Amino acid sequence: MAEDKYLAALRESIVHLDFATIETAARQAIEAGIDPGTAITQGIVPGMTIVGEKFESGEYFLSELVVAAEVMKMGMKVINPHLKQADRHIARKVVIATVEGDHHDLGKNIVTTLLITQGFEVIDLGVDITPGRITDAVKEHQPDILGMSALLSLTMTKMGETIENLKEAGLRDRVRVIVGGTPVTPEFADIIGADYKALNALEGVKKCVEWVTPGKGGQ
Ligand code: B12
């Protein structure tokens, strides 16, 4: 019950675009003993989801989205140092990127943070990354997993182009591909030949851990 109060305070700071309260809300949640991962997935992320809904209904404009993203980053800054690194270093690599034409990176950054806490080495290429650059990074870093994020219906096609690029370069069979972002459906992931569509960051990271765990789908 008490946990709900702290998670609600985090959510509300984001929904109300409140720079004045977000840091305190994040600090109080941590001091109250709330797991940092829970603070992110059940406080911060739902806050951004509500902001998205307000944008869709016309209550918030683009300027409010930009501010909400900054408020979210302030909260993440307080919480991130408290995320515990997994005891066992998985010693597996993930290359992750937001695809070409797309500048949305809040979701990708959460995935990156959670992967690091699970002991993965993550090479984050950033946003607006072309299929060619992603393919080059897979060639250079030889990751176990490639993660791609797209939030725009227009840019999610770049995920398919990237997979085609990987095939042409003879790299597709060497890497598992996980895709995420709200417009991306499991059916779309199937069509483009990705291995998995993550519902959210937490579930996607669980799948990555499963892939690299011997006997659970890993080698
Ligand atoms: C914040 C936001 C912005 C911010 C982005 C700030 C930033 N640094 O990322 C700003 C203001 C810059 C922005 C810009 C634009 N945006 Co915008 N934006 C949003 C908003 C409100 C929230 C997205 C978000 O960050 N959510 C919070 C994060 C934590 O959630 P998430 O991204 O979904 O990620 C979660 C999962 O999907 C998953 N995940 C995501 N990626 C991956 C990858 C992997 C590998 C895994 C495992 C998991 C995973 O994990 C995360 C946590 O669970 C959405 C609305 C919405 N409801 O989603 C619109 C939205 C995505 N934007 C939209 C649009 C149209 C735009 C603009 C074109 C607006 C404009 N007219 O200029 C520009 C495009 C800029 C560009 N070229 O990219 C539309 C897209 C419509 C569509 N389907 O194509 C949306 C849906 C709003 C709407 N309904 O119109 N936006």
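Using the numbering used here, you'd call the opening residue of the sequence shown number 5 and step up by one each time.
Don't be surprised by glycine CBs; every beta carbon is placed ideally from N, CA and C.
Since this is a predicted model, take the numbers as computed values, not measurements.
query: Rounded to whole angstroms, what is the Cα-Cα separation between Glu1 and Thr25?; result: Here the chain covers residues 5 to 223 and nothing more, so residue 1 does not appear.
query: Return yes when at least one heavy atom of the ligand B12 lies under 6 Å from the C-beta of Thr186, else no.; result: yes
query: For Phe59, verify whether its CB is less than 6 Å away from any heavy atom of the ligand B12.; result: yes
query: Suppose the cutoff is 6 Å on Cβ atoms and the five residues either side in sequence are ignored; what does the same chain contact list for Ala13 look like?; result: Ala29
query: So, under 8 Å CB-CB, Lys88 and Thr121 are touching, yes? Tell me the CB distance rounded to an integer number of Å.; result: 6 Å
query: Does the distance between the C-beta of Lys162 and the nearest non-hydrogen atom of the ligand B12 fall short of 6 Å?; result: no
query: Could you tell me the alpha carbon to alpha carbon distance between Ser17 and Pro85, rounded to whole angstroms?; result: 20 Å
query: Relative to the C-alpha of Leu129, which residue among Gly123, Val19, Met152 and Leu119 is closest?; result: Met152
query: At 3 residues or longer, and completely inside the stretch 134–199: list those beta strand (DSSP E) runs for me, N to C.; result: 149–153 and 180–184
query: What are the start and end residues of the beta strand (DSSP E) that includes Asp128?; result: Glu125 to Asp128
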